[in-house]
Structures are given as structure tokens and as C-alpha cells.
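Notes for the one structure printed next.
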Amino acid sequence: MYSGSYERNRDPIVEVLKGLQVEPGEVLEVGSGSGQHICYFAKTFGDEWSWQPTEQEQNVESIQAWREAEGVSARVKKPVAINLLEERWSDVLEGSYTMVMSVNVVHIVVWQGVVNLLNGVGKMLKSGGVLYLYGPYRSQDRELEPSNARFDVFLKETYEGGGLRDVERVVEVARGAGLEFEQEIAMPANNRSLIFRKI
Ligand SMILES: C[S@@+](CC[C@H](N)C(=O)[O-])C[C@H]1O[C@@H](n2cnc3c(N)ncnc32)[C@H](O)[C@@H]1O
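The numbering used here numbers the first residue of the sequence shown as 65 and each following residue consecutively.
Below is the structure:
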């Protein structure tokens with residue numbers, strides 16, 4: 065698999081990640097897609113970091129292929145199949161993570177999948193660890209950008225239960241999972257980085 069958006073967003077994401085106060089350790093990526101991002105992050109960050117990709121069963125092979133092709137098998141663990149629609153999706157993972165990240169997943173998966181994601185992360189993150197979410201969001205504080213309004217229509221037509229999420233709603237569920245909202249950072253192409261910290 066190949067992701068076109070990966071080429072555009074990988075460096076802006078790295079810039080934000082490098083500015084976060086996080087202890088080096090193991091990073092979990094939820095919904096790694098093709099696997100390109102996690103291989104790039106592993107190459108960009110030092111040896112003291114390790115990376116755990118996850119995806120739906122049908123995409124695990126792509127991540128495995130990128131992992132081998134990029135020569136990062138020492139730092140990127142074997143991809144694990146997950147399904148966010150399962151409440152206990154995180155039971156298949158063994159780590160305790162210093163950071164969890166998820167890029168462009170929250171608007172694709174149904175809302176219950178987002179709730180499950182946040183609750184699972186609340187359990188798996190180490191105290192003081194960070195949850196990093198990237199993607200387009202709505203907010204009560206600003207008008208929805210025309211490009212995101214069009215994207216929302218596309219998402220609703222394409223993915224059952226998909227669509228842009230309200231930052232405020234995500235923040236509320238995250239708080240219930242023990243994740244405090246820390247900051248929102250505007251990113252290129254009307255995307256946002258949302259940063260949460262485990263209390
Ligand atoms: C737009 S892609 C983003 C992929 C990758 N993070 C990226 O930025 O290139 C959304 C991803 O969410 C994953 N996804 C959708 N529903 C899921 C579910 N129920 N459980 C786990 N992953 C899911 C899809 O398989 C897909 O790879």
C-alpha cells in the first residue's frame with residue numbers, strides 16, 4: 065500500500081512530535097495504514113525509541129512489507145492486527161507505552177471506535193505519556209473550513225459512521241479515560257494535532 069498524504073504530512077508531524085515532552089520508550093501507532101509513517105518515525109527518532117504498528121487484519125501485510133523494505137525491523141515491531149470496533153481491542157497488545165499516536169483514523173472509524181480507542185489508550189499509556197491525534201476536526205470555537213466541509217460530505221458518503229469529529233466531544237471522552245487535553249496545533253491543509261496527556 066502507498067499513502068499519498070504520507071509524503072505531505074510526515075515532516076510536519078515529526079516537527080510536532082519532536083517538540084513534545086515525552087520520555088523515550090515504546091510508541092504505539094493505532095491504524096498504521098500502509099506502514100510508511102511508522103517506518104519514517106523510527107528512522108527519524110533515535111535508538112532509545114521502539115515502535116509498535118497496528119492495523120486491521122487486511123493491512124498488516126503492507127506494514128510488514130514496508131518494515132522490511134525500509135530496514136527498520138530492529139526498531140519497528142511486527143504489526144499487530146486490531147479492530148477498534150471491539151471494546152477490548154487493546155487486549156492483544158502487551159506494551160506499556162510512553163506515547164500513542166493515531167493519524168487520520170478518528171474521522172474514518174465509527175464513533176464507537178473512537179470511544180474504544182480513547183478508553184484503550186487510557187489503559188495502555190504510562191502515567192505522563194502522550195496521546196497524539198492528527199487529522200481534520202470541527203470545533204465550536206471556529207467556522208468549519210470549506211475544504212473540511214466538503215471532506216465531511218465525502219466521508220459521510222464513503223464510510224458508514226465516518227465524518228469529522230468535534231474536538232470538544234473527543235476531549236470529553238478522553239477526559240473520562242484519564243487523558244487530559246493539553247493543546248491543539250494547526251497543521252497544513254486545515255488539519256490539527258491534538259495532544260493529550262495521561263494523568
Ligand atoms: C485514512 S487511513 C490512515 C492510515 C494511516 N494512519 C495514514 O495516515 O496513512 C485510516 C485507517 O484507519 C483504519 N481503520 C478503520 N477502521 C478501523 C478499525 N475498526 N480498527 C482499526 N483500524 C481501522 C483503516 O484500516 C485505515 O488504515
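Ideal Cβ positions, reconstructed from N, Cα and C, are used throughout, including at glycine.
Check	Outcome
C-beta atoms of Met251 and Val94 nearer than 9 angstroms	no
Under 9 angstroms between C-beta atoms of Ser257 and Tyr198	yes
Three-state secondary structure (DSSP) of Gln263	Here residue 263 is Ile; the residue named in the question, Gln, does not match the sequence. If DSSP states are grouped into helix, strand and coil, Ile263 belongs with coil.
Proximity test, Ser166 beta-carbon vs ligand 1 heavy atom, cut-off 8 angstroms	yes
Cutoff 7 angstroms; reference Arg74; Cβ partners in own chain excluding five residues on either side	His101, Tyr104
Same chain, Cβ closer than 7 angstroms to Val173, neighbours up to 5 away in sequence not counted	Leu148
Close beta carbons around Pro76, own chain, < 7 angstroms, minus the five adjacent residues each side	Met251, Pro252
Cα-Cα separation, Val140 to Lys107	10 angstroms
Own chain partners of Arg206 with C-beta closer than 7 angstroms, once the 5 adjacent residues on each side are dropped	none
Cβ pair count under 8 angstroms reaching 3, the region 212-226 against the region 190-197	no
Neighbourhood of Phe245 by C-beta, 6 angstroms cutoff - its chain only, sequence neighbours within 5 removed	Val235, Phe260
Start-end ranges of the beta strand (DSSP E) lying completely within the region 136-199, minimum 3 residues	161-167, 189-199
Which of helix, strand or coil DSSP assigns to Ser69	helix
Where Pro252 falls: helix, strand or coil (DSSP)	helix
Residue environment, Tyr201, which counts as buried when at least 16 other CB atoms sit within 10 Å	buried
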